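All letters in the sequence shown, in the order written, are residues 0 to 171 by numbering that gives the first Met the number 0.
Cβ coordinates follow ideal geometry from the N, Cα and C atoms, glycine included.
A quick note: this is a predicted structure, and the numbers were derived from the prediction, not measured.
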Amino acid sequence: MCIITYTIVTYNKLTKLKVRVDNAWSQIDVQLKRRYDLIPNMVETVKGYASHEKETLSEVTRARASVGSAKTPEDVIAANNELTGALSRLLVVAERYPELKANANFMSLQNDLRDLESKIAISRQFYNDTAMNYNQKLQLFPSNLVAKAFKFKGVPYFEIEEAEKAVPQVKF
Numbered sequence: 000m001c002i003i004t005y006t007i008v009t010y011n012k013l014t015k016l017k018v019r020v021d022n023a024w025s026q027i028d029v030q031l032k033r034r035y036d037l038i039p040n041m042v043e044t045v046k047g048y049a050s051h052e053k054e055t056l057s058e059v060t061r062a063r064a065s066v067g068s069a070k071t072p073e074d075v076i077a078a079n080n081e082l083t084g085a086l087s088r089l090l091v092v093a094e095r096y097p098e099l100k101a102n103a104n105f106m107s108l109q110n111d112l113r114d115l116e117s118k119i120a121i122s123r124q125f126y127n128d129t130a131m132n133y134n135q136k137l138q139l140f141p142s143n144l145v146a147k148a149f150k151f152k153g154v155p156y157f158e159i160e161e162a163e164k165a166v167p168q169v170k171f
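Given below as structure tokens:
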């Protein structure tokens, strides 16, 4: 009787943790969708001022498309890391055009993007904390026995790529 009770309690705990992970992922998804919707406006605004920066604009558009077609959490994470890098390069391009930086529409879009990136960072942290709790429970004995029996699977962390971890060089 004790084993059955333990199995039921552990199964319910694992299920609750998995639901929390799914909720945390959906919070990230909401923020990523908002960023996904903001990007075309940003690209169009930059196009008007920096039409010869086609490679950077194409890269942002390509990265945005890969986000739209990503299906699994791993694909979404990889596509959004690519998009984050492309957006960083777009903002570097914008720095070269003082008239673009002074454009009210671009400034508003840039502020919206900055706000979204902050929300994404907070959502990522919450998701990763929740994923850690869930993954940890899957690995700890004896709950790992219940997890295996009911085929609970671990979830990926939302990590940044190595290139983004590099310390930027500031030159004067």
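- Task: Grab me the residues of Pro155's own chain with a C-beta within less than 7 Å of its C-beta, minus the 5 sequence neighbours each way, in chain order.
- Result: Pro72, Glu73 and Ile76
- Query: Who are the Cβ neighbours of Val42 in its own chain at under 6 Å, not counting the five residues just before and after it?
  - Reply: Leu56 and Val59
- Can the beta-carbon of Arg63 be found less than 8 Å from the beta-carbon of Ile38? yes
- Query: Are the segment 106-114 and the segment 7-24 touching by the rule of at least three beta carbon pairs closer than 8 Å?
  - Reply: no
- Out of Thr14, Lys17, Asn22 and Glu52, point me to the one whose CA is closest to Arg123's CA. Asn22
- Message: Give the list of continuous alpha helix (DSSP H) stretches no shorter than 4 residues that lie fully inside the segment 3-76.
- Response: 53-68
- Task: Return helix, strand or coil for Arg123, following the three-state DSSP convention.
- Result: helix
- Query: First and last residue of the alpha helix (DSSP H) that includes Lys147?
  - Reply: Ser142 to Ala148
- Item | 6 Å CB neighbourhood of Arg88 in its chain, flanking five on each side removed | Thr55
- Check Val166 in the structure and name its three-state DSSP category. Summary for Val166: the model assigns pLDDT 46, below 50, so the residue's position carries little reliability; its value from the coordinates is reported in the next sentence. In this structure, Val166 counts as coil in the three-state DSSP scheme.
- What is the DSSP secondary structure of Arg95, counted as helix, strand or coil? coil
- Query: In its own chain, which residues sit with a C-beta less than 6 Å from the C-beta of Gln26, not counting the 5 before and 5 after it?
  - Reply: Ser122
- Exposure label - Ile119; buried when at least 16 CB within 10 Å: buried
- Message: Does Ala103 come out as helix, strand or coil in the three-state DSSP assignment?
- Response: helix
- Task: Between the Cα of Met106 and those of Val66, Thr14 and Ala93, spot the shortest distance and give me the residue it belongs to.
- Result: Ala93
- Item | Beta-carbon proximity check, Tyr133 vs Leu16, cutoff 8 Å | yes
- Tell me which same chain residues have a C-beta within less than 6 Å of the C-beta of Arg34, skipping the five on either side of it? Leu115
- Task: Mark Gln135 as exposed unless 16 or more other C-beta atoms lie within 10 angstroms of its C-beta, in which case mark it buried.
- Result: exposed
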